[in-house]
Amino acid sequence: MEQKSKGKKQNAVSRAPKSKPLDSKNRRATRSTAISRINECLPNELLAYIFATAIIGLLPIEHRSFLALVCSICGRWRDVAIEASELWTTIYIRNPNHIPPAELFLERSKAQLLDVDIQITFVRRDWFTLSPAAYSRHFSRQCRLRVAELTSVHLGRTRTLSFGSEDSPSNTIPISSLTRLELTSLRPEHEDMRLIFTCSPSLETLILPKFGRSSWGSQGENIPIISAPSSLRSLAVHIDYTHKIESLLAAESSDNFCVLTSLRFPNLEYLEVLGDHSSCNLNLSGHFKDLPKLKTLRLQQCSVPPADTQFFLSLKLLNRLELVDNLEDAKWSKKRRRKVSFPFPRLSSILISEKTRGIYDMSQWACLARLAVNNYGCTQFSIEVTTQLYGSMSQFFGTQEKQNSSDEEEEVYEEYEDDFYPYY
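With the UniProt record's numbering, letter number 286 in the sequence shown gets 286, and the count goes up by one each step, no holes.
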């Protein structure tokens, strides 16, 4: 009986009249009605504000398609979007086909500050071996000149600049409005850095994915020191494997050195260093001098040898340490034969991220947190780990029984508090 009743209900549902799907004509009518209601209720200023809010979360490459969609909805939306100059401030160029839209954006942005993202790939000599898709991304000399013309005219109102080209920038025009600069393919020399700092007095963020080596002959000890603008707060650099070779050369000769050694960042608060491999020794003590205001240090795919202890000891204001893809080579341990003070008296946060699966000993980081809380007055210490590391870390901060066990271990560590220093 139960099955029969169930069958009747199913039959009743199957006999119920089905709603007819809207055809394209009805869909257009419904959309038109909705747009008409929006246009009746919203003034131009509010509509422009909605567009500007929606575009904030988009990638630079998506701005063009979003604005094209907005302009295609109706005549009023198109007029509002065109008049809202703040919507057209992202200049994105990756291939020659992006140049005409960039020209349109520059025109419609009027006097607004610009966010410029340009990556130029040259036509190679073996262009005939390239696929049509690959060739379309390469810039001829004429296209490069056009891009240079466009950017130079509007350089004075550039707010952020991400630039990648095989040519070294020769710009010496002051850009007082520039706050963020990313040079994705340049290996800057000493003079390049001097020009960058001189021409960008308001620079706040500097991203240099490649850093090269300079030659000053036998006068390496007299290399001019360059101070970054006082406004610079954030620096991200990629120091590749060649710097390991440079470290060896520097021990025997002063002919080779990294440009970073001559730079000073008096107000830097965030430093991100990317290496090529977690075991790669980048000699942080040799590359970075005088960072009295540094608060966040992010180390990714690089190691730090015992020789860098002095570098860590100098970071008196550091409150956040981020270790990414180098946990296997990261050891914060005690060693009695070398006495140093606890490096980070203000440390209150650690981020540990590791892509490689494995079993890692997290006790050293748990101990570091307890030392900060018990010995240095930190009221709240946060440890952020990736999902695969959560289990290993949580065992040190679990039940009260585990906590008591950890407290006993803590006393041993406290006895040799000054023995903590990094070795990789």
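All C-beta atoms in this analysis are idealised placements derived from N, C-alpha and C, irrespective of residue type, glycine included.
Being a predicted model, the structure only gives us computed values, none of them experimental.
N- and C-terminal bounds of the beta strand (DSSP E) containing residue 79: Counting from 1 along the sequence shown, the entry for residue 79 is found at position 79. Where residue 79 is concerned, there is no enclosing beta strand (DSSP E), although the alpha helix (DSSP H) it sits in stretches over 75–83.
Residue 363 - DSSP class collapsed to helix/strand/coil: For the purposes of this step, residue 363 is taken as the residue at position 363 of the sequence shown. Reduced to three states, the DSSP call for residue 363 is helix.
For residue 262 and residue 209, believed in contact at Cβ under 8 Å, the rounded distance: Within the sequence shown, residue 209 is the residue found at index 209, counting from 1. Within the sequence shown, residue 262 is the residue found at index 262, counting from 1. That pair is no contact at about 19 Å.
DSSP three-state assignment for residue 47, whether helix, strand or coil: In the sequence shown, counting from the first residue as 1, residue 47 sits at position 47. If DSSP states are grouped into helix, strand and coil, residue 47 belongs with the helices.
CB-CB length for residue 67 against residue 81, believed under 8 Å: Numbered from its first residue, the sequence shown carries residue 67 at position 67. Numbered from its first residue, the sequence shown carries residue 81 at position 81. Right, their Cβ atoms sit about 6 Å apart.
Residue interval of the alpha helix (DSSP H) (run including residue 148): As a working note, residue 148 is residue 148 in the sequence shown. It spans 141–153 - the alpha helix (DSSP H) in which residue 148 sits, taken as one unbroken run.
Identity of the residue in 356, 384, 360 nearest residue 369 by Cα: Numbered from its first residue, the sequence shown carries residue 369 at position 369. For the residues 356, 384, 360, the minimum Cα distance to residue 369 belongs to 384.
CB contact flag (residue 162, residue 117, <7 Å): Position 162 of the sequence shown, counting from 1, holds the residue named residue 162. Position 117 of the sequence shown, counting from 1, holds the residue named residue 117. For residue 162 and residue 117, yes; Cβs fall inside 7 Å.
Helix, strand or coil at residue 253 [DSSP, three-state]: Residue mapping note: residue 253 aligns to position 253 of the sequence shown, counting from 1. Because the pLDDT of residue 253 is 47, which lies under 50, any placement of that residue in the model is unreliable, and the question is left without a value.
Three-state secondary structure (DSSP) of residue 330: Translated into the one-based positions of the sequence shown, residue 330 becomes position 330. Here residue 330 sits in coil by DSSP.
Chain-order list of residues whose beta-carbon lies under 7 Å from that of residue 120 (same chain, five-residue window excluded): The sequence position of residue 120 within the sequence shown is 120, counting from 1. Result list for residue 120: 139, 144, 147, 164, 165, in chain order.
Where residue 354 falls, given that 16 or more other Cβ within 10 Å makes a residue buried: Stepping through the sequence shown from its first residue, residue 354 is reached at position 354. So residue 354 ends up on the buried side.
As assigned by DSSP and simplified to three states, the class of residue 197: Translated into the one-based positions of the sequence shown, residue 197 becomes position 197. DSSP, read as helix, strand or coil, puts residue 197 in helix.
Check: residue 308 C-beta below 6 Å from any heavy atom of the ligand SAH: You won't find the ligand SAH in this model; it holds no ligand whatsoever.
Minimum C-alpha distance to residue 379 - residue among 269, 347, 60: As a first step, residue 379 is located in the sequence shown; it is residue number 379 there, counting from the start. Here the closest residue by C-alpha is 347.
Cβ shell of residue 296 (< 6 Å), same chain only, five flanking positions each side left out: Position 296 of the sequence shown, counting from 1, holds the residue named residue 296. Correct list, in chain order: 270, 320.
Where the beta strand (DSSP E) containing residue 238 begins and where it ends: In the sequence shown, residue 238 corresponds to position 238, counting from 1. From DSSP, the beta strand (DSSP E) with residue 238 extends over 234–238.
Residue 227 versus residue 58: straight-line alpha-carbon distance, rounded: Taking the first residue of the sequence shown as position 1, residue 227 is located at position 227. Taking the first residue of the sequence shown as position 1, residue 58 is located at position 58. Linking residue 227 to residue 58 through their CA atoms gives a straight-line distance of about 35 Å.
Euclidean distance between Cα positions of residue 177 and residue 109: Here residue 177 is taken as the residue at index 177 of the sequence shown, counted from 1. Here residue 109 is taken as the residue at index 109 of the sequence shown, counted from 1. Using only the alpha carbons, I get a separation of about 16 Å.
Sequence-distant residues of its chain with Cβ nearer than 6 Å to residue 182 (five each side left out): As a working mapping, residue 182 is identified with position 182 in the sequence shown. 162, 207, listed in sequence order.
Expected contact under 8 Å - CB spacing of residue 274 and residue 238 to nearest Å: Taking the first residue of the sequence shown as 1, we reach residue 274 at position 274. Taking the first residue of the sequence shown as 1, we reach residue 238 at position 238. About 4 Å separates the two Cβ atoms, so the contact holds.
Identity of the residues DSSP links to residue 90 by a beta bridge: Numbered from 1 along the sequence shown, position 90 holds the residue referred to as residue 90. According to DSSP, residue 90 bridges with 115.
Burial state of residue 397, where buried means 16 or more other Cβ atoms lie within 10 Å: As a position in the sequence shown, residue 397 is number 397, starting the count at 1. Residue 397 is classed as exposed because its beta carbon has fewer than 16 other beta carbons within 10 Å across all chains shown.
Per-residue burial, residue 404 [other beta carbons within 10 Å of its own, 16 or more giving buried]: Position 404 of the sequence shown, counted from the start, is the residue given in the question as residue 404. Only weak support exists for where residue 404 lies, its pLDDT of 43 falling under 50; the value from the coordinates is given anyway. Note on residue 404: under 16 other CB atoms within 10 angstroms of its CB, so exposed under the neighbour-count rule.
DSSP state of residue 376 mapped onto helix, strand, coil: For the purposes of this step, residue 376 is taken as residue 376 along the sequence shown, with counting starting at 1. In the structure shown, residue 376 sits in a helix (DSSP, three-state: H, G or I).
Test item: CB-CB of residue 313 and residue 345 under 7 Å: Translated into positions along the sequence shown, residue 313 becomes position 313. Translated into positions along the sequence shown, residue 345 becomes position 345. Cβ atoms of residue 313 and residue 345: not closer than 7 Å.
Alpha-carbon to alpha-carbon, residue 179 and residue 47: In the sequence shown, counting from the first residue as 1, residue 47 sits at position 47. In the sequence shown, counting from the first residue as 1, residue 179 sits at position 179. Straight-line spacing of the CA atoms in residue 47 and residue 179 works out to 29 Å.
Strand pairing of residue 59, partner residues [DSSP]: Locating residue 59 in the sequence shown gives position 59, where the first residue counts as 1. Beta-bridge pairing links residue 59 to no other residue.
Opening and closing residue of the beta strand (DSSP E) in which residue 164 lies: Within the sequence shown, numbered from 1, the residue matching residue 164 stands at position 164. Here the beta strand (DSSP E) through residue 164 covers 158–164.
Residue 198 classed as buried or exposed, judged by whether at least 16 other C-beta atoms fall within 10 angstroms: Position 198 of the sequence shown, counting from 1, holds the residue named residue 198. Exposed, because fewer than 16 other Cβ atoms sit within 10 Å of the Cβ of residue 198.
Within 7 Å, strictly: CB atoms of residue 235 and residue 268: The residue given as residue 235 occupies position 235 in the sequence shown. The residue given as residue 268 occupies position 268 in the sequence shown. Remark: C-beta atoms of residue 235 and residue 268 approach each other more closely than 7 Å.
Assigned exposure category for residue 324 - 16 Cβ within 10 Å defines buried: The count along the sequence shown starts at 1 and reaches residue 324 at position 324. Taking a 10 Å sphere around the C-beta of residue 324, we find 16 or more other C-beta atoms and assign the residue as buried.
For residue 260, the nearest candidate out of 298, 302, 329, 188 (CA to CA): For this step, residue 260 is matched to residue 260 along the sequence shown. Of the candidates 298, 302, 329, 188, the one whose C-alpha sits nearest the C-alpha of residue 260 is 188.
Identity of the residue in 359, 328, 394 nearest residue 367 by Cα: Here residue 367 is taken as the residue at index 367 of the sequence shown, counted from 1. It is 394 whose Cα lies nearest to the Cα of residue 367.
Neighbour-count burial assignment, residue 302, 16 or more Cβ in a 10 Å radius: One-based indexing of the sequence shown puts residue 302 at position 302. Looking at its Cβ environment, which holds 16 or more other Cβ atoms inside 10 Å, residue 302 is buried.
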